[in-house]
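**Student:**
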Amino acid sequence: MLLAFVVVWTIPTVGLLVSSIRDKDQLAVSGWWTALTPSVSTGASRVGLPADAVHENGKYVIRGNLLGSDTNKTVQSFGTTNADVSAAQAGASLPMRDGGTITVETSGEYQWVSDTPFTHTAGPRIYYTAGIAPRFTLENYASVINANGIGRAFINSFTVTVPSTIIPILIAAFAAYALAWMRFPGRGWIVALVVGLLVVPLQMSLIPLLRLYNGVATTFGTESKTYLGIWLAHTAFGLPLAIYLLRNYMAGLPKEIMESARMDGASHFKIFTTMVLPLSFPALASFSIFQFLWVWNDLLVALVFLGAQDDKLVLTGKLVNLLGSRGDKWEILTAGAFITMIVPLLVFFSLQRYFVRGLLAGSVK
Amino acid sequence: MEQIVGAILTVLIGVAGCVVYFWGTNWLLDRFLATNQSMTGEVVTRRDYLRSQVRPWLFLAPALVFLTVYLIYPVFETARLSLFDSQGINFVGFSNYLWAFRDSTFLQSVFNNIIWLLIVPAASTFFGLVIAVLADRLWWGNIAKSLIFMPMAISFVGASVIWKFIYDYRGPGQEQIGLLNAIVTGFGLPPQAWITIPFWNSIFLMVILIWIQTGFAMVILSAALRGIPEETLEAARIDGANDFQIFYGIMIPQIWGTIVVVWTTITITVLKVFDIVLAMTNGQWDTQVLANLMFDWMFRGSDFGRGSTIAVIIMLAVTPIMVWNIRRANAEEGTR
Chain L
1 MLLAFVVVWT
11 IPTVGLLVSS
21 IRDKDQLAVS
31 GWWTALTPSV
41 STGASRVGLP
51 ADAVHENGKY
61 VIRGNLLGSD
71 TNKTVQSFGT
81 TNADVSAAQA
91 GASLPMRDGG
101 TITVETSGEY
111 QWVSDTPFTH
121 TAGPRIYYTA
131 GIAPRFTLEN
141 YASVINANGI
151 GRAFINSFTV
161 TVPSTIIPIL
171 IAAFAAYALA
181 WMRFPGRGWI
191 VALVVGLLVV
201 PLQMSLIPLL
211 RLYNGVATTF
221 GTESKTYLGI
231 WLAHTAFGLP
241 LAIYLLRNYM
251 AGLPKEIMES
261 ARMDGASHFK
271 IFTTMVLPLS
281 FPALASFSIF
291 QFLWVWNDLL
301 VALVFLGAQD
311 DKLVLTGKLV
321 NLLGSRGDKW
331 EILTAGAFIT
341 MIVPLLVFFS
351 LQRYFVRGLL
361 AGSVK
Chain Z
1 MEQIVGAILT
11 VLIGVAGCVV
21 YFWGTNWLLD
31 RFLATNQSMT
41 GEVVTRRDYL
51 RSQVRPWLFL
61 APALVFLTVY
71 LIYPVFETAR
81 LSLFDSQGIN
91 FVGFSNYLWA
101 FRDSTFLQSV
111 FNNIIWLLIV
121 PAASTFFGLV
131 IAVLADRLWW
141 GNIAKSLIFM
151 PMAISFVGAS
161 VIWKFIYDYR
171 GPGQEQIGLL
181 NAIVTGFGLP
191 PQAWITIPFW
201 NSIFLMVILI
211 WIQTGFAMVI
221 LSAALRGIPE
231 ETLEAARIDG
241 ANDFQIFYGI
251 MIPQIWGTIV
261 VVWTTITITV
271 LKVFDIVLAM
281 TNGQWDTQVL
291 ANLMFDWMFR
301 GSDFGRGSTI
311 AVIIMLAVTP
321 IMVWNIRRAN
331 AEEGTR
């Protein structure tokens, strides 16, 4: 039962991964679950002219290879007309309309033998079905990275993500400490405000902020869509959750330590930097993973505050563009999608413990 | 390269700025409101008091500024803009709202959103709970949980590509490369263009979000299940309760609070989600949802008034959850 769930939940991703390393011609004609079995295609090629014939043991023979130099394919069956592609299995012989018989091997080598000299003017066509051996390749990745600007988008994503992860943590940690351990009027109100802001939909902020950014940009004569703008936006949008998580964590730290430090005359600033910050490392780590994944996977904020021009697109935006323009090119899409997933998956699998801890700190106590 | 250097530089400046702010203001505070032996007791007390009153605000100031500018001000500004025309210049009263409730796409989006809200949180929580219970005492339970949790790390767009591939459609007679159609044709049925079938296509989009969110529900619910005291379960077993009775009679009531939290969190996610619809259908074939419709009006229609109106309606939908959240937090605060 559980196994069924695991299979259903894993198969979509596995399918994408397998598809992304398959040969693009195979990807287009067969499902990824057939990746290990040969796929079948049909083809035709002309056999040689009388001039190619050699005379041996009293017979006239034309030799050649139907598949040319394509060593990846194997002939399964062949025929002399389009309608009858499987008239004979590979290795067997068929009579030719122009006289004699032809034998085709699985390798594509053919041998047309006749008792009388050949007289045809155009080489007749031989139709065949060929199995294509499964082939795995990184070509899809190479072409996506080089030709489609994914490399650039990858760097853009990093440029957006790293500052947007570090800055909110610092700001939130100070605020969380104040809310957890300092006594001052209005504290309850601020906590309630933070909790309330947890659920404010992002959509609410977009139009006013866009107008605000445009206003600031016009005043200073600069561009409105900058990295600084998106960093600040991500910082702000991450803050409610960061403050909430960190405050819950810090409030759970042992009271005795704080009190004895206060007795010894340590200021709040000193307690925070020398004791609380190091003790809060697990919470800080889990929030940074959270924020990192969130910013990396974000599409909306990036589209709005960084714009949709090609040079500033982040990975998710790039992928949406590919979906629009290359919706039928699965080799590009699968490889592109996997590139956008690599970093979060690495972060996820290496730091899963902290990530889970962060989730738990915020939701159950 | 230039970009990378720029990014590193800005990170350093940003971080340094934060450090300078916090350290600097605290230093200034200690300096200007310092106390020493030469002062009388009254002055010392007053200065101590002032310091303790000012310092929390120094700690909080940057966070409060951010929250105000990026979250609180926009709520009011959006509400105001929803009463104005497309450029936010002329006051038009409630005509944007009247437009919304007469617009068939808007009504379609509301309808779809309601279906999303009914199905996604329920299904995610249900699957999450079932998996959490199943995986609880198995030796490979943790591996299974990791794999089911994994989609949480993938972006909605990435997940959309994954599922678009599964729903892929080729005409009858051709070999299907989409898994779902391969299964359907395997049973001898005709292949379907899944994402164009009205109504059902919304369900197929919801499957993607359920696939992503189940892991979240599972992790939190399984932690809650661990929190049930072993004696309670033991006592039930001794009284002769079977597994189902234990599940419904003991486990569910014990973790009910957590189930509600998970449900709520996923509900909020559903209201905000727009990437999946944008990437899969962009609202065609009657799959439009409010969040994507708003994005449409904002950028393709460049109509701030209508965009804001839709944002306000989304906000109104989360307000009950917000109030409930705050109440719960306040109640916890009281017991602390």
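Read top to bottom, the protein sequences are chains L and Z.
Per our numbering, residue 1 is the first one in the first sequence, and the count goes up by one each step.
Per our numbering, residue 1 is the first one in the second sequence, and the count goes up by one each step.
A virtual CB, placed ideally from N, CA and C, is assigned to each residue, including glycine.
Report the three-state DSSP secondary structure of L/L94 (helix, strand or coil).
**Tutor:** The residue labelled residue 94 of chain L in the question sits at position 94 within the first sequence. Note: L/L94 maps to strand in three-state DSSP.
**Student:** Let's see if you can read the secondary structure: which residues bound the alpha helix (DSSP H) around L/T161?
**Tutor:** Residue mapping note: residue 161 of chain L aligns to position 161 of the first sequence, counting from 1. L/T161 -> alpha helix (DSSP H) spans I150 to W181.
**Student:** Given that a residue counts as buried once 16 or more other Cβ atoms are within 10 Å of its Cβ, and exposed if not, what is Z/D103?
**Tutor:** Reading the second sequence from its first residue, position 103 is the one you call residue 103 of chain Z. Result: exposed.
**Student:** Looking at the unbroken alpha helix (DSSP H) that takes in L/A266, where does it start and where does it end?
**Tutor:** The residue labelled residue 266 of chain L in the question sits at position 266 within the first sequence. From DSSP, L/A266 is part of no alpha helix (DSSP H); its letter is neither H nor E.
**Student:** Please report the straight-line C-alpha distance between L/L345 and Z/I276, rounded to a whole angstrom.
**Tutor:** For this step, residue 345 of chain L is matched to residue 345 along the first sequence. For this step, residue 276 of chain Z is matched to residue 276 along the second sequence. Looking at the two C-alpha atoms, the distance is approximately 19 Å.
**Student:** With H, G and I counted as helix, E and B as strand and the rest as coil, what does DSSP make of Z/T335?
**Tutor:** Residue numbering aside, residue 335 of chain Z sits at position 335 when the second sequence is read from its first letter. In this prediction, Z/T335 has a pLDDT of 46, which is less than 50 and means its spatial position is unreliable; nothing more can be read from the coordinates.
**Student:** Of the residues that make up the segment 191-204 of chain Z, which ones have a beta carbon closer than 9 Å to any beta carbon in chain L?
**Tutor:** Per Cβ criterion, the list is empty.
**Student:** What's the call for L/H367, buried or exposed, on a 16-neighbour Cβ count within 10 Å?
**Tutor:** Coverage of chain L is limited to positions 1 through 365, which leaves residue 367 of chain L absent and any answer about it impossible.
**Student:** With respect to the alpha helix (DSSP H) encompassing Z/S146, which residues constitute its N-terminal and C-terminal limits?
**Tutor:** Along the second sequence, one-based indexing puts residue 146 of chain Z at 146. Note, Z/S146: alpha helix (DSSP H), G141 to F149.
**Student:** By alpha-carbon positions, which one of L/I332, L/G358 and L/M1 ends up nearest to Z/L138?
**Tutor:** On the second sequence, residue 138 of chain Z is found 138 positions in, with the first residue counted as 1. The shortest C-alpha separation from Z/L138 is found at L/M1.
**Student:** Check for me: the alpha helix (DSSP H) holding Z/G257 runs from which residue to which?
**Tutor:** Within the second sequence, residue 257 of chain Z is the residue found at index 257, counting from 1. W256 to K272 is the span of the alpha helix (DSSP H), which, as asked, contains Z/G257.
**Student:** Nearest-angstrom Cα distance between L/L198 and Z/F66?
**Tutor:** Sequence index remark: in the first sequence, residue 198 of chain L carries index 198 (1-based). Sequence index remark: in the second sequence, residue 66 of chain Z carries index 66 (1-based). Each residue's alpha carbon lies about 14 Å from the other.
**Student:** DSSP state of L/V61, grouped into three classes?
**Tutor:** Here residue 61 of chain L is taken as the residue at index 61 of the first sequence, counted from 1. Reduced to three states, the DSSP call for L/V61 is strand.
**Student:** Can you tell me which of the three DSSP states L/T103 falls into?
**Tutor:** In the first sequence, counting from the first residue as 1, residue 103 of chain L sits at position 103. DSSP places L/T103 in strand when its eight states are reduced to three.
**Student:** DSSP state of L/E259, grouped into three classes?
**Tutor:** Position 259 of the first sequence, counting from 1, holds the residue named residue 259 of chain L. Helix.
**Student:** Closer than 8 Å, CB to CB, is Z/T335 near chain L or not?
**Tutor:** To locate residue 335 of chain Z, count along the second sequence from 1; it is residue 335. Confidence is the limiting factor: at Z/T335 the pLDDT is only 46, short of 50, which leaves the residue's position unreliable and the question unanswerable from this model.
**Student:** Please return the same chain residues whose Cβ sits closer than 7 Å to the Cβ of Z/T335, not counting the five positions on each side in sequence.
**Tutor:** As a working mapping, residue 335 of chain Z is identified with position 335 in the second sequence. At Z/T335 the pLDDT is 46, less than 50, meaning the model places this residue with poor confidence and gives no usable figure here.
**Student:** Using the Cα positions of Z/A63 and Z/T185, report the straight-line distance between them to the nearest angstrom.
**Tutor:** Walking along the second sequence from the start, residue 63 of chain Z turns up at place 63. Walking along the second sequence from the start, residue 185 of chain Z turns up at place 185. Distance between the alpha carbons of Z/A63 and Z/T185 is about 56 Å.
**Student:** If contact means a Cβ-Cβ distance below 8 Å, which residues of the segment 25-47 of chain Z contact chain L?
**Tutor:** Correct list: N26 and D30.
**Student:** Quick one: what's L/W112 bridged to in DSSP?
**Tutor:** In the first sequence, residue 112 of chain L corresponds to position 112, counting from 1. L/W112 is bridged to L/I62 and L/I102.
**Student:** Go to L/K312, then tell me how far its beta strand (DSSP E) extends in each direction, as first and last residue.
**Tutor:** Working through the first sequence from its first residue, we reach residue 312 of chain L at position 312. Per DSSP, L/K312 belongs to no beta strand (DSSP E) and is neither H nor E.
**Student:** Any chance the segment 149-157 of chain Z sits against the segment 242-258 of chain Z, with 3 or more Cβ pairs inside 8 Å?
**Tutor:** Not touching, per the Cβ criterion.
**Student:** If you run the structure through DSSP and keep just helix, strand and coil, what is L/M1?
**Tutor:** Reading the first sequence from its first residue, position 1 is the one you call residue 1 of chain L. If DSSP states are grouped into helix, strand and coil, L/M1 belongs with coil.
**Student:** Which residue's Cα is closest to the Cα of Z/V262: Z/N282, Z/S124, Z/W194 and Z/I162?
**Tutor:** The count along the second sequence starts at 1 and reaches residue 262 of chain Z at position 262. It is Z/S124.
**Student:** Just to check my reading of the structure: Z/M315 and L/M204 have Cβ atoms closer than 8 Å, yes? What is that Cβ distance to the nearest angstrom?
**Tutor:** By 1-based counting over the second sequence, the position of residue 315 of chain Z is 315. By 1-based counting over the first sequence, the position of residue 204 of chain L is 204. Right, the Cβ-Cβ distance comes to about 5 Å (below 8 Å), so this counts as a contact.
**Student:** Could you tell me whether any Cβ in chain L is nearer than 8 Å to the Cβ of Z/Q176?
**Tutor:** Taking the first residue of the second sequence as 1, we reach residue 176 of chain Z at position 176. Closer than 8 Å: yes.
**Student:** In chain L, what lies closer than 8 Å to Z/I166 by C-beta?
**Tutor:** In the second sequence, the residue the question calls residue 166 of chain Z occupies position 166. The answer, in chain order, is P12 and G15.
**Student:** Which bits of chain L does Z/N330 rub up against, with CB to CB less than 9 Å?
**Tutor:** In the second sequence, counting from the first residue as 1, residue 330 of chain Z sits at position 330. Here the neighbours are G188, V191, A192 and V195.
**Student:** With burial defined as no fewer than 16 other Cβ atoms inside 10 Å of the residue's Cβ, what is the status of L/T222: buried or exposed?
**Tutor:** Counted from its first residue, the first sequence places residue 222 of chain L at position 222. Exposed, by the Cβ-count rule.
**Student:** Classify Z/F91 as buried or exposed, calling it buried when 16 or more other Cβ atoms lie within 10 Å of its own Cβ.
**Tutor:** As a first step, residue 91 of chain Z must be located in the second sequence, where it is residue number 91. Z/F91 comes out exposed.
**Student:** Any beta-carbon of chain Z closer than 8 Å to the one on L/F174?
**Tutor:** Along the first sequence, read from residue 1 onward, the residue named residue 174 of chain L stands at position 174. It does; some Cβ of chain Z falls within 8 Å.
**Student:** Going by DSSP in three states, L/K225 sits in which element: helix, strand or coil?
**Tutor:** As a first step, residue 225 of chain L must be located in the first sequence, where it is residue number 225. Coil, per DSSP.
**Student:** If L/L322 sits next to L/I332, beta carbons under 8 Å apart, how far is it from one beta carbon to the other, in whole angstroms?
**Tutor:** Here residue 322 of chain L is taken as the residue at index 322 of the first sequence, counted from 1. Here residue 332 of chain L is taken as the residue at index 332 of the first sequence, counted from 1. Between L/I332 and L/L322 the Cβ distance is about 6 Å, and since that is below 8 Å, they are a contact.
**Student:** For L/T74 and L/P134, which I take to be in contact (beta-carbon distance under 8 Å), what is that distance rounded to the nearest angstrom?
**Tutor:** As a position in the first sequence, residue 74 of chain L is number 74, starting the count at 1. As a position in the first sequence, residue 134 of chain L is number 134, starting the count at 1. L/T74 to L/P134, Cβ: 12 Å. No contact.
**Student:** By the 8 Å beta-carbon criterion, what residues does the segment 93-110 of chain Z contribute toward chain L?
**Tutor:** Taking 8 Å as the Cβ-Cβ cut-off against chain L, none of the residues of the segment 93-110 of chain Z qualify.
**Student:** Measuring only the C-alpha atoms, how far is L/G31 from L/N82?
**Tutor:** Position 31 of the first sequence, counting from 1, holds the residue named residue 31 of chain L. Position 82 of the first sequence, counting from 1, holds the residue named residue 82 of chain L. Those two C-alpha atoms are separated by around 26 Å.
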